[in-house]
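The structure under discussion appears below in the form of structure tokens.
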Amino acid sequence: MPGPGFGRRATLLGSAGALARPAFAQRAWPAGRPIEIVVPFAPGGGMDAMARTTAPFLAAKLPGARVVVSNRPGAGGQVGTEAVANAAPDGFILGACATPTVLSQPIERPVRWRPAELTYLAQVVEDPCGLFVRTDSLFKDLPELLAAARARPGDVAYGTAGIGGDDHIAMLLLEEAAGVQLNHVPFNGTSQLLVPLLGGQLQVGAFNISEALPLLRERAIRGLGLAAEARDPAAQDIATYREAGVDVVFSAGRGIFGPPGLPDPIRKEIEAAFAAIFSDPAWTDAAARAGLPLKPLVGAAYRDAALGGEAALRALWSRRPWRE
Numbered sequence: 001m002p003g004p005g006f007g008r009r010a011t012l013l014g015s016a017g018a019l020a021r022p023a024f025a026q027r028a029w030p031a032g033r034p035i036e037i038v039v040p041f042a043p044g045g046g047m048d049a050m051a052r053t054t055a056p057f058l059a060a061k062l063p064g065a066r067v068v069v070s071n072r073p074g075a076g077g078q079v080g081t082e083a084v085a086n087a088a089p090d091g092f093i094l095g096a097c098a099t100p101t102v103l104s105q106p107i108e109r110p111v112r113w114r115p116a117e118l119t120y121l122a123q124v125v126e127d128p129c130g131l132f133v134r135t136d137s138l139f140k141d142l143p144e145l146l147a148a149a150r151a152r153p154g155d156v157a158y159g160t161a162g163i164g165g166d167d168h169i170a171m172l173l174l175e176e177a178a179g180v181q182l183n184h185v186p187f188n189g190t191s192q193l194l195v196p197l198l199g200g201q202l203q204v205g206a207f208n209i210s211e212a213l214p215l216l217r218e219r220a221i222r223g224l225g226l227a228a229e230a231r232d233p234a235a236q237d238i239a240t241y242r243e244a245g246v247d248v249v250f251s252a253g254r255g256i257f258g259p260p261g262l263p264d265p266i267r268k269e270i271e272a273a274f275a276a277i278f279s280d281p282a283w284t285d286a287a288a289r290a291g292l293p294l295k296p297l298v299g300a301a302y303r304d305a306a307l308g309g310e311a312a313l314r315a316l317w318s319r320r321p322w323r324e
């Protein structure tokens, strides 16, 4: 298991005091142009849910602002992230940010952004990775899946939202810790892999607990394991990887970022808006209804958490380059 800077980011997270920020003078946002939050994955996944739940609250905290969400999937999130990273730094183009994807893709391929130069505005959730199957799957738990993988190396197939994403990285760590070889099938977002998973064409889906909860409630899928510190309160029957004997803890951080060079007055205004959102009881209720596992961080605390795992990712790349 890699060190605490990689995977679970609890040790990097700021205290509740990190959300307390002084009020800044607010300007009225021009009514004719909306703020666009670019989601770099297809509609229906955890990133999309986070952005769409957040958007109306952000609009309410920025006088005169309208906030819209657009999906620009492609290349495992690269297309949408590049669109934001290369936008004018005027506060009208923001993006949904996924860690570790924003760090892992520049390690594996040429991209048009440098992680340290992005403007990290606010983390919203930290969402543990997990493994899920149809309810009629022959795999009843994680030990059974690992036993099959040891018996037939490379035969058991799992799908993720894309190469180098949090779920893919979590699976590489699982393979490494358990000494198994699985067959990775990347998709363009979690919503895209659910069709073959539910249709029986894909054996296992690797995605986050927030994305799984609606299907778990409908008994359409069953959880094999969760890469969390403890069992999730909303899915107590799913054992952690550690309970299954595999010492892996890994989550997706999801938040909102802006292009490099976002001017301080705009950055501070948006950060203050997020601080206000996170202290609003109506936000807490809306996030609970959306199944968002909240872990709010604002500004510098988010930046530290987002960038904190880069060294461990590079170390993993040196051991297990994730090209497919």
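Residues 1 to 324, numbered by UniProt numbering, are exactly what the sequence shown covers, in order. The beta carbon of each residue, even a glycine, is placed where N, CA and C say it ideally should be.
Which class does residue i belong to by DSSP, given the choice of helix, strand or coil?
| i | result |
| --- | --- |
| arginine 9 | Note that arginine 9 scores 36 on pLDDT, short of 50, meaning its location in the model is unreliable; the coordinates nonetheless yield the value given after this. Three-state result, arginine 9: coil. |
| alanine 311 | helix |
| glutamate 269 | helix |
| proline 143 | helix |
| alanine 305 | helix |
| alanine 252 | strand |
| valine 246 | coil |
| arginine 323 | coil |
| arginine 150 | helix |
| alanine 42 | coil |
| alanine 220 | coil |
| alanine 31 | coil |
| leucine 262 | coil |
| proline 100 | coil |
| proline 106 | helix |
| leucine 58 | helix |
Which residues does DSSP list as the beta-bridge partners of residue i?
| i | result |
| --- | --- |
| asparagine 183 | Ala157 |
| leucine 297 | Gln123 |
| aspartate 232 | Ala235 |
| phenylalanine 92 | In the DSSP output, where bridge partners are listed per residue, phenylalanine 92 has none listed. |
| leucine 316 | According to DSSP, which records beta bridges pairwise, leucine 316 is partnered with nothing at all. |
| glycine 225 | Leu131 |
| phenylalanine 257 | Gly95, Tyr120 |
| threonine 240 | Leu226 |
Taking residue i as part of the beta strand (DSSP E), name the residues at either end of that continuous run.
| i | result |
| --- | --- |
| isoleucine 37 | 35-39 |
| asparagine 71 | 67-71 |
Along the chain, where does the alpha helix (DSSP H) containing residue i start, and where does it finish?
| i | result |
| --- | --- |
| arginine 289 | 281-289 |
| threonine 80 | Note on residue identity: the sequence assigns glycine, not threonine, to residue 80. Per DSSP, glycine 80 belongs to the alpha helix (DSSP H) from 78-85. |
Segment contact flag, the region 179-188 with the region 255-264, C-beta cutoff 8 Å, min 3 pairs: no
Could I get the ranges of all uninterrupted beta strand (DSSP E) runs contained in the region 109-140, with 3 residues as the minimum, in chain order? 119-134
The region 134-144 contacting the region 160-167, beta-carbon criterion three pairs below 8 Å: Output reads no: the region 160-167 does not touch the region 134-144.
Length-filtered (3 minimum) beta strand (DSSP E) runs lying within the region 159-218: 183-186, 204-208
Would you call the region 68-75 and the region 209-221 touching, i.e. three or more CB-CB distances under 8 Å? no
Is the region 118-127 touching the region 246-256, taking contact as three or more C-beta pairs under 8 Å? yes
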